[in-house]
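Below is one structure; the comments refer to it alone.
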Amino acid sequence: MPTLNDEDHLARTLSALVPGVVEGLIKEVVIVDGGSDDATLEIADSTGCHIIKTDHERGLQLWQGCRAARGDWLLILHADSHLGEGWMDQVQAHIKNYPLQAGYFHLRFDDPSWLVGFWAEMLAVRARWLAMPSGDHGLLLSRALYDSAGGYKDQAAFEDVALSMALGRARLRPMAASLTTSAKRFHARGWSLRVMVKAFRFIAYLLGVPPKPPTKKKG
28 MPTLNDEDHL ARTLSALVPG VVEGLIKEVV IVDGGSDDAT LEIADSTGCH IIKTDHERGL
88 QLWQGCRAAR GDWLLILHAD SHLGEGWMDQ VQAHIKNYPL QAGYFHLRFD DPSWLVGFWA
148 EMLAVRARWL AMPSGDHGLL LSRALYDSAG GYKDQAAFED VALSMALGRA RLRPMAASLT
208 TSAKRFHARG WSLRVMVKAF RFIAYLLGVP PKPPTKKKG
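The opening residue of the sequence shown carries number 28 in our numbering; numbering runs sequentially from there.
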């Protein structure tokens with residue numbers, strides 16, 4: 028789980044994982060922090076998470092976190108996304124029945140406005156028809172599958188797209204459980220501007236324009 032000043036969301040996200048910890052489904056929670064100066068690290072430490080400190084580049088954070096995780100299965104979540112009712116059943120069924128595929132959740136945002144709902148639907152279409160679920164969808168996959176796909180790339184953006192493309196449509200499947208993500212970051216710059224910028228960058232990336240290089244290399 029990559030973090031950066033996520034004190035407003037992290038406790039709720041972690042609390043949704045508690046039943047999985049109690050049942051032994053979740054063995055560890057790895058927090059990869061990009062330099063938080065709020066209470067994020069205190070929350071993570073108080074709940075027994077394994078904390079890694081690194082630069083704030085999402086691809087690097089995910090690469091570091093997956094490398095440090097010790098389990099045979101990986102569940103990748105954003106710090107502002109919390110799992111909904113029934114997620115444990117879906118995860119257990121996926122592990123049992125679909126070991127050669129990566130699963131992603133049904134994405135929702137915590138904002139009822141039509142524009143936010145429209146963006147969520149666009150991301151659902153992208154996941155369904157382009158086989159490119161966003162990082163907000165979460166991802167569940169085995170360590171073996173992650174390694175065979177080459178894992179996350181150390182890049183400043185679209186690390187989720189790169190991994191989805193490496194997995195391919197046949198190795199991706201939706202799961203019925205929902206995952207609700209905060210819409211706060213969109214309101215910070217306005218929904219319309221944020222959506223247009225993200226759509227433009229996404230199309231440019233698919234056309235071969237690389238994202239800016241990371242500020243630092245892996246350590």
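Each residue gets a CB set at the ideal place from its N, CA and C atoms; glycine is no exception.
These numbers were taken from a predicted model, which means no experiment stands behind them.
| Item | Value |
| --- | --- |
| Using a 10 Å radius around the Cβ and a threshold of 16 neighbouring Cβ atoms, would you call residue 94 buried or exposed? | exposed |
| I'd like to know if the stretch 73–90 and the stretch 134–147 are in contact, where contact means that at least 3 CB-CB pairs between them fall below 8 Å. | no |
| Per DSSP, what kind of secondary structure is residue 236 in: helix, strand or coil? | coil |
| How far does the alpha helix (DSSP H) with residue 133 in it extend, from its first residue to its last? | Where residue 133 is concerned, there is no enclosing alpha helix (DSSP H), although the beta strand (DSSP E) it sits in stretches over 129–136. |
| Could you tell me the boundaries of the beta strand (DSSP E) in which residue 57 lies? | 57–60 |
| Return the CA-CA distance between residue 43 and residue 134, expressed in angstroms with no decimal places. | 16 Å |
| Since residue 80 sits in a beta bridge, which residues does DSSP pair it with? | 60 |
| Three-state secondary structure (DSSP) at residue 44? | coil |
| Within a Cβ cutoff of 6 Å, which residues of the same chain sit near residue 41, ignoring the five residues on either side of it in sequence? | 74 |
| From residue 103 to residue 166, what does the alpha carbon distance come to, in whole angstroms? | 5 Å |
| Quick check: what's the CA-CA separation for residue 46 versus residue 184? | 32 Å |
| Would residue 156 be called buried (16 or more neighbouring beta carbons within 10 Å of its own) or exposed? | exposed |
| Nearest-angstrom Cα distance between residue 161 and residue 206? | 12 Å |
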